[in-house]
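Following: one structure in structure tokens, then a few remarks.
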Amino acid sequence: MSAADTGSVRGKLMLMAVSTTCVALLAAAIAMLLVDLRTFQRYWVDDLKTQADIMASVTAPAIAFNDAKAAQQNLAVLRVRPQILGAAVYTSSGALFASYAHDPNDSALPVRPERPGHRIEGGQLVVFHNIVENGELLGTVYLRSRYGLVERLINYGAILGAVMLVSLLIAALVASRLQASITRPLEAVTNVARQVMQRRDFTLRVPGNNSGEIGVLVAAFNDMLAEIGRRSSALQEANSTLQHEMDVRHRAEEALRSADRRKDEFLATLAHELRNPLAPIRTGLDILRLRSGDAQATQRAIDIMERQLRQMVRLVDDLLDVSRINTGKLAIKMGRVELKAVINDALEVVRSYIELHGHELAIDLPDRPVFLHGDATRLAQILSNLLNNAAKYTNRGGRVSLSARVVDDELVLTVADTGIGIAPDMLDSVFEMFVQVDSTLERTNAGLGVGLSLTRRLVELHGGTIAAASEGLGKGSSFTVRLPIVVGPEMPSKPTAASFITSETYRILLADDNVDFVNSIGALLSAMGHSVVITHNGPDALTAAARFCPDFAFLDIGLPQMSGYDLARGIRRLSCGAMTVLIAVTGWGQEKDRQLAFEAGFDHHMVKPVRFEQIEEILANRNTIKKLRT
């Protein structure tokens, strides 16, 4: 067998069978050889003793009659036994009487006879036998023969070797036939195991339908492969899922780091943007204080302060709107609005800002009226954000254009500028929260990075789309808004603030701890002929309401000593409280704040800073008047 065969199960089984047979045959051969040697020795000893007994019988008369010649002749008969090498007859006194030697040159005879018996020495067998006649010892016979133990051992060993060789060949042949039923399934198991290790393919199976213990082994091996395959597949799926989760987590961590970085930039920008309007407002206050008699300077200071205040309000409103949209609490009042009215409202907000930067404003609108289904205020906010953004990112003396056209029942609005442009890699991210195209220190009016994000959400709430385009940095940019239009007769535009001014006068209670704000509002209302009572804390306001029985009560929520909610409940408990219209005036504008105000008994909820036009609108509301009079 080769070295490869001896390493296999088949070779090992063959080696085991042959080795077992060889050991068994060798043990049997040794046992047989020992038995044969013992038998051989007994045979030779008995044969030589018998021969000595015969010689003693035939030579007894010769010794008795002292006939040495007859004794010599009797010994010469041993010539027919060539294995007997020498013989001798001794008298009873121990003297040599006659002798025989197969080889004449061999004269090695004992000087005196020994006691009867035999011994083996030098490969020869020596026998001494007494000659007794009628109970009288006449002498001793000596015989020495060749003891062929080595020849016997060699011959017998050769025979046994031949028998063992033939037996081993027969055993190997029989074992090779019998072991096939064992080794073939085991070789199949080994081959399949090797292929599985090399190819990592757990779908392989050991073929055949074996019975007995080998069949149980093969079936168990196949079941084990199936189980390992299932676990390997599950492990691969788990690894794939884990890798996917790690990738998602990595992307989430990157997004969180980016969001954190944008948050820090946003907070720094917010602080900067809120400080910018404060300086002109402070300057305007100084002008009013130092040059109060100069009407022209006073008007200029008021214009500056109003413009900067509008900028601050715009920033705060954008932040509040983004928060409402993200929490799903932004209220959209849908209705039928005319495009030109929306554009006029937007231009009213941004025209002064565009003129301040010295930009040329170009407007191209359809000749016929175009109606939209949406919130007029939010639509105007969309356009004002885009126009304000275009003016902000265009160097002084640039050009800002607004064009509108109708394409297949769809309004396409485009706001374009000749400003700094947008890099190609930023076109997809400009609508994300807190992303700014230009965040360099040289551009002081960089904004908060929420305007475009808010604009996109408002457009989507109106069922439209918005897209940015730019040929590159320094080549300007354009934003295209697509909104569905409605077909129908022309609708009147919304009334202006002046239409809300009423000639009727009311009793009005103002409660706010901001003295400047409440005094200025009170002065305006008093100038219109209304009867106004001003208080700065909750208990004073409740006392005034009980004495004054106001038609309207504008109450701050964060009042000292008593919150606005408790104050509203206290007024409602008064005898005349049911007829009072309660308006919450607060800096908290979340939906939950509105809900808390209505639960406390308020009829309206206004978010600071409050425009005087809003107060006039509430006073002129006919449903409110009807409620007061009933």
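Everything in the sequence shown is counted per our numbering, starting at 16 for the first residue and increasing by one.
Note that CB positions come from ideal geometry on N, CA and C, so glycine has one too.
So the candidates are M179, L417, L183, R366; which of them puts its Cα closest to the Cα of F494? By 1-based counting over the sequence shown, the position of residue 494 is 479. Looking at the Cα atoms, L417 is the closest of the given residues.
Where does the unbroken beta strand (DSSP E) through N145 begin, and where does it stop? Indexing the sequence shown from 1 puts residue 145 at position 130. Taken as a continuous stretch (DSSP letters only), the beta strand (DSSP E) holding N145 covers 139–148.
Curious, which full-length beta strand (DSSP E) runs of at least 3 residues does the segment 357–421 contain? 375–379, 386–389, 414–421
Within 10 Å of its beta-carbon, does T21 have 16 or more other beta-carbons around it, so buried, or fewer, so exposed? Locating residue 21 in the sequence shown gives position 6, where the first residue counts as 1. Because the pLDDT at T21 is just 48, under 50, the model does not fix this residue reliably, and the value given afterwards should be weighed accordingly. It counts as exposed.
Secondary structure of K642, DSSP reduced to three states: Within the sequence shown, the letter at position 627 stands for residue 642. Bear in mind that a pLDDT of 47 at K642, under 50, signals an unreliable position, so the number given afterwards is only what the model happens to contain. Correct three-state label for K642: helix.
Opening and closing residue of the beta strand (DSSP E) in which G434 lies: If you number the sequence shown from 1, residue 434 lands on position 419. Here G434 belongs to no beta strand (DSSP E), and DSSP marks it neither H nor E.
Can the beta-carbon of D528 be found closer than 9 Å to that of P575? Start at 1 with the first residue of the sequence shown, and residue 528 comes out as number 513. Start at 1 with the first residue of the sequence shown, and residue 575 comes out as number 560. Their beta carbons are under 9 Å apart, which means D528 touches P575 by this criterion.
Does DSSP put F627 in a helix, a strand or coil? The sequence position of residue 627 within the sequence shown is 612, counting from 1. F627: helix per DSSP, three-state reduction.
By the three-class DSSP mapping on this structure, what secondary structure does S34 have? Here residue 34 refers to the residue found at position 19 of the sequence shown. S34 falls in the helix class under three-state DSSP.
Note the first and the last residue of the continuous beta strand (DSSP E) segment covering A568. In the sequence shown, counting from the first residue as 1, residue 568 sits at position 553. Counting along the chain, the beta strand (DSSP E) containing A568 begins and ends at 567–571.
The alpha helix (DSSP H) spanning Y105 covers which residue range? Here the question's residue 105 lines up with position 90 in the sequence shown. Per DSSP, Y105 belongs to no alpha helix (DSSP H); it is in the beta strand (DSSP E), 99–106.
Among G308, L305, R297, which one has its Cα closest to the Cα of E321? If you number the sequence shown from 1, residue 321 lands on position 306. E321 has its Cα closest to that of R297, out of G308, L305, R297.
Within 10 angstroms of the Cβ of K407, are there 16 or more other Cβ atoms? Answer buried if so, exposed if not. Here residue 407 is taken as the residue at index 392 of the sequence shown, counted from 1. When all chains shown are included, K407 counts as buried.
Taking DSSP as the reference, what is the three-state secondary structure of A512? Taking the first residue of the sequence shown as 1, we reach residue 512 at position 497. Confidence at A512 is low in this model, with a pLDDT of 36, below 50, so the placement of that residue should be treated as unreliable; the coordinate-derived value is given next. The answer is helix: DSSP assigns A512 an H, G or I state.
G579 and D566 closer than 9 Å at C-beta: For the purposes of this step, residue 579 is taken as residue 564 along the sequence shown, with counting starting at 1. For the purposes of this step, residue 566 is taken as residue 551 along the sequence shown, with counting starting at 1. Going by C-beta atoms, G579 is not nearer than 9 Å to D566.
Going by DSSP, what residues sit across from G154 in a beta bridge? Within the sequence shown, numbered from 1, the residue matching residue 154 stands at position 139. Looking at the DSSP assignment, G154 forms a beta bridge with T106, I146.
Along the chain, where does the alpha helix (DSSP H) that runs through I12 open and close? A question about residue 12 goes unanswered here, because the residues of the chain that appear run from 16 up to 645.
Just how far apart, CA to CA, sit L93 and I99? The residue labelled residue 93 in the question sits at position 78 within the sequence shown. The residue labelled residue 99 in the question sits at position 84 within the sequence shown. Using only the alpha carbons, I get a separation of about 7 Å.
Unbroken alpha helix (DSSP H) run spanning S535, endpoints: Position 520 of the sequence shown, counted from the start, is the residue given in the question as residue 535. 530–542 is the extent of the alpha helix (DSSP H) around S535.
With the cut-off set at 9 Å, would you say L557 and I586 are in Cβ contact? Looking up residue 557 in the sequence shown gives position 542. Looking up residue 586 in the sequence shown gives position 571. Yes; because the gap between Cβ atoms is below 9 Å, this pair is in contact.
Meets three-Cβ-pair contact criterion under 8 Å: the segment 424–440 and the segment 478–496: yes
Taking C-alpha atoms, which residue in S191, L240, H372, V189 lies nearest to V207? Residue mapping note: residue 207 aligns to position 192 of the sequence shown, counting from 1. Residue L240 is the option with its Cα nearest to V207.
Buried or exposed by the 16-neighbour rule on C-beta atoms within 10 Å, applied to N359: Along the sequence shown, read from residue 1 onward, the residue named residue 359 stands at position 344. It counts as exposed.
Assuming contact is defined by CB atoms lying nearer than 9 Å, are V651 and A419 in contact in what I supplied? In the structure displayed, the chain extends from 16 to 645; residue 651 sits before or after that span and is not available.
In chain order, what residues of the same chain have a beta carbon less than 8 Å from the beta carbon of F627, not counting five sequence neighbours either side? Position 612 of the sequence shown, counting from 1, holds the residue named residue 627. Only I536, L539 meet the Cβ criterion.
Compute the Euclidean distance between the alpha carbons of E136 and G163, then round it to the nearest angstrom. Within the sequence shown, residue 136 is the residue found at index 121, counting from 1. Within the sequence shown, residue 163 is the residue found at index 148, counting from 1. Spanning the two alpha carbons is a distance of roughly 12 Å.
Which of helix, strand or coil does DSSP assign to F494? Taking the first residue of the sequence shown as position 1, residue 494 is located at position 479. Shown here, F494 sits in a strand according to DSSP, grouped into three states.
Should K64 be labelled buried (16 or more other beta-carbon atoms within 10 Å of its own) or exposed? Taking the sequence shown and counting its residues from 1, one reaches residue 64 at position 49. Its Cβ being crowded by 16 or more others within 10 Å, K64 is buried.
Under 9 Å between C-beta atoms of L90 and A102: Reading the sequence shown from its first residue, position 75 is the one you call residue 90. Reading the sequence shown from its first residue, position 87 is the one you call residue 102. It is a contact, given that the beta carbons lie within the stated cut-off.
Buried or exposed (CB count within 10 angstroms, at least 16 for buried), R393: Position 378 of the sequence shown holds residue 393. When all chains shown are included, R393 counts as buried.
Does DSSP classify T520 as helix, strand or coil? Locating residue 520 in the sequence shown gives position 505, counting from the first residue. It is coil, neither helix nor strand.
Can you look up A123 in the DSSP assignment and give me helix, strand or coil? Sequence index remark: in the sequence shown, residue 123 carries index 108 (1-based). A123: coil per DSSP, three-state reduction.
Taking G154 as the reference, give the member of T74, G172, T313 with the closest Cα. Position 139 of the sequence shown, counted from the start, is the residue given in the question as residue 154. Nearest of T74, G172, T313 to G154, Cα basis: T74.
Any idea what DSSP makes of R161, helix, strand or coil? Working through the sequence shown from its first residue, we reach residue 161 at position 146. Strand.
Check each candidate in V496, W603, A484 and name the one with the smallest Cα separation from R472. Translated into the one-based positions of the sequence shown, residue 472 becomes position 457. Measuring from the Cα of R472, the nearest candidate turns out to be V496.
Buried or exposed, going by whether 16 or more other CB atoms sit within 10 Å of the CB of T35? Residue mapping note: residue 35 aligns to position 20 of the sequence shown, counting from 1. It is exposed - the Cβ of T35 has fewer than 16 other Cβ atoms within 10 Å.
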